[in-house]
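One structure is given below, encoded as structure tokens.
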Amino acid sequence: MIGSIPLSDVLLVSGALFSIGIAGALLRRNAIQIFLSIELMMNAANLALIGYGAALGTREGQIVVFFVIAIAAAEAAVGLAIFVALFRHTETIDVNKINLLKW
Amino acid sequence: MTAGRLLFDLAAAGAIIFAGLMVVGRNPVRSVLSLVVAFFALAACFVMLLAPFIAALQVIVYAGAILVLFLFVLMLLNVGREQPEKTGRPIQTVLGSAAVLVFAGLLLGMFRGSGAHVPMAADPVEPSLLGDPAALARLLYSDYLLHFEAVSVLLLAALVGAFVLARREHAS
Numbered sequence: 002m003i004g005s006i007p008l009s010d011v012l013l014v015s016g017a018l019f020s021i022g023i024a025g026a027l028l029r030r031n032a033i034q035i036f037l038s039i040e041l042m043m044n045a046a047n048l049a050l051i052g053y054g055a056a057l058g059t060r061e062g063q064i065v066v067f068f069v070i071a072i073a074a075a076e077a078a079v080g081l082a083i084f085v086a087l088f089r090h091t092e093t094i095d096v097n098k099i100n101l102l103k104w
Numbered sequence: 002m003t004a005g006r007l008l009f010d011l012a013a014a015g016a017i018i019f020a021g022l023m024v025v026g027r028n029p030v031r032s033v034l035s036l037v038v039a040f041f042a043l044a045a046c047f048v049m050l051l052a053p054f055i056a057a058l059q060v061i062v063y064a065g066a067i068l069v070l071f072l073f074v075l076m077l078l079n080v081g082r083e084q085p086e087k088t089g090r091p092i093q094t095v096l097g098s099a100a101v102l103v104f105a106g107l108l109l110g111m112f113r114g115s116g117a118h119v120p121m122a123a124d125p126v127e128p129s130l131l132g133d134p135a136a137l138a139r140l141l142y143s144d145y146l147l148h149f150e151a152v153s154v155l156l157l158a159a160l161v162g163a164f165v166l167a168r169r170e171h172a173s
């Protein structure tokens, strides 16, 4: 329990958000939407970390989330740079049409 | 049901609804804006879970910086709506949906029983002091100093990497 919120509810919300994220990453074809889904999955993990940290009574969960946010920022910058470079070559970011490495 | 519980439930429901809208929508700009709303709702959840500093970071860094960067790249590339697939790839869609359903079932089934009996830490922090920025900063600059420095080097590497990747290649 964190205040009056049971930890199992927090984990349920986190699991639901992660599942939505994985659905987006597997079923969408727009590279940017796949990337957004990955960000959503990171946030679902952050929610579980903060929930457990608060339930355990430690600050370590928040520290880990701090690092996750920093790494997500780095990942977003590099990933979007890749999309810009890719778009310059292929004029599309539809992942079904980008098959340079397929065969 | 207390006010804190009610606020958490409302924020969590909002986050799930707008995350769903993000995945379902075909217009990428609308997807990004839905995710901004979902991240704001998640920040409210973080406040209810006694982490106000992380909630502020969530709004400033995630909703403020990262998603604005997404929006900027979307506008730069001028990506239109996702066209409905003409060739049709039914096997991929069916297998992908099945994988998502199996994964969601496993994850939620695993989480359903857990979290009921979490032992407290040996010296639990006072709940009102859990999100104290000064205490977090002290922890970050003492016990986690090496990790902090490693992240700063990583951010520098990402900066240089993004610059090199997105640079226009001149014919040499």
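If you read the protein sequences in the order shown, they are chains C and U.
Residue numbers for the first sequence follow the working numbering, beginning at 2 and rising by one.
Residue numbers for the second sequence follow the working numbering, beginning at 2 and rising by one.
Beta carbons: idealized from backbone N, C-alpha and C, even for Gly.
DSSP beta-bridge partners of C/Asp95: Under DSSP, C/Asp95 forms a beta bridge with C/Asn31.
Could you give the residue range of the alpha helix (DSSP H) that holds U/Met49? That run of the alpha helix (DSSP H) goes Pro29 to Met49.
Tell me whether the beta-carbon of U/Pro29 lies closer than 8 Å to the beta-carbon of C/Asn31. Yes. Within cutoff.
For U/Met49, count neighbouring C-beta atoms within 10 Å of its own C-beta (all shown protein chains included) and say buried if the count is 16 or more, exposed if not. If you draw a 10 Å sphere on the C-beta of U/Met49, you find 16 or more other C-beta atoms in it, and that means buried.
Considering only DSSP beta bridges, list what C/Ile6 is partnered with. According to DSSP, C/Ile6 bridges with C/Ile3.
With 16 other Cβ atoms within 10 Å as the buried cut-off, status of U/Thr94: U/Thr94 should be labelled exposed.
Please state whether DSSP places C/Thr59 in a helix, a strand or coil. The three-state secondary structure of C/Thr59, taken from DSSP, is coil.
U/Tyr63 versus C/Val96, C/Phe67 and C/Ser5, residue with shortest Cα-Cα distance: When each option's Cα is compared against that of U/Tyr63, the closest is C/Phe67.
Step through the CB atoms of chain C and report whether any lies within less than 8 Å of the CB of U/Val48. Interface flag for U/Val48 against chain C is unset, since no Cβ pair is found closer than 8 Å.
What's the C-alpha gap between C/Val79 and U/Leu156? Here the C-alpha atom of C/Val79 lies approximately 10 Å from the C-alpha atom of U/Leu156.
Do U/Val152 and C/Ala71 have their C-beta atoms closer together than 8 Å? Cβ distance < 8 Å, so U/Val152 and C/Ala71 count as in contact.
C-alpha distance - U/Phe47 paired with U/Glu170, whole-angstrom precision: Straight-line Cα distance between these residues: approximately 44 Å.
What do you reckon, are the CB atoms on U/Phe41 and U/Val60 nearer than 8 Å? Inclusion of U/Phe41 and U/Val60 in the CB contact set at 8 Å is warranted, their separation being smaller than that value.
To the nearest angstrom, how far is the alpha carbon of U/Leu58 from that of U/Ala44? Rounded to whole angstroms, U/Leu58 to U/Ala44 spans 9 Å at the Cα level.
For U/Asn79, count neighbouring C-beta atoms within 10 Å of its own C-beta (all shown protein chains included) and say buried if the count is 16 or more, exposed if not. So U/Asn79 ends up on the exposed side.
When you compare the CB of U/Phe41 with every CB in chain C, is at least one pair closer than 8 Å? No, U/Phe41 does not count as interfacial toward chain C.
Is the Cβ of C/Ala46 closer than 8 Å to any Cβ of chain U? Judged by the 8 Å Cβ criterion, C/Ala46 is not in contact with chain U.
Residue from U/Ile17, U/Phe54 and U/Leu131 whose Cα sits closest to the Cα of U/Leu36: Checking every option, the nearest Cα to that of U/Leu36 belongs to U/Ile17.
Below-8 Å beta-carbon distance, C/Leu102 vs any chain U residue: With 8 Å as the cut-off, C/Leu102 does not count as an interface residue toward chain U.
Quick one, are the C-beta atoms of U/Ala167 and C/Leu18 less than 8 Å apart? No, the Cβ-Cβ distance between U/Ala167 and C/Leu18 is not below 8 Å.
Do C/Gly62 and C/Ile51 have their beta-carbon atoms positioned less than 8 Å apart in this structure? Taking a C-beta distance under 8 Å as the contact criterion, C/Ile51 and C/Gly62 qualify as a contact pair.
Kindly indicate which three-state DSSP category U/Ser153 falls into: helix, strand or coil? Helix at U/Ser153.
Taking 8 Å as the CB-CB cut-off, is U/Glu23 touching chain C? Looking at the sequence itself, residue 23 of chain U is Met, so the reference to Glu does not match. For U/Met23, the answer is yes, since a Cβ of chain C falls inside 8 Å of its Cβ.
I'd like to know if C/Ile94 contacts chain U, where contact means its C-beta is closer than 8 Å to some C-beta of that chain. It does; some Cβ of chain U falls within 8 Å.
In chain order, what residues of the region 21-38 of chain C put their CB closer than 8 Å to some CB of chain U? If the cut-off is 8 Å between Cβ atoms, the region 21-38 of chain C has Ile21, Gly22, Ile23, Ala24, Gly25, Leu27, Leu28, Arg29, Arg30, Asn31, Ile33, Gln34, Phe36, Leu37 and Ser38 near chain U.
May I ask you to verify whether the region 159-166 of chain U touches the region 73-92 of chain C, counting CB pairs closer than 8 Å and requiring at least 3? Yes, since at least three Cβ pairs between the region 159-166 of chain U and the region 73-92 of chain C fall closer than 8 Å, the two stretches touch.
Distance, Cα to Cα, U/Pro125 vs U/Leu141? For the pair U/Pro125 and U/Leu141, the Cα-to-Cα distance works out to about 18 Å.
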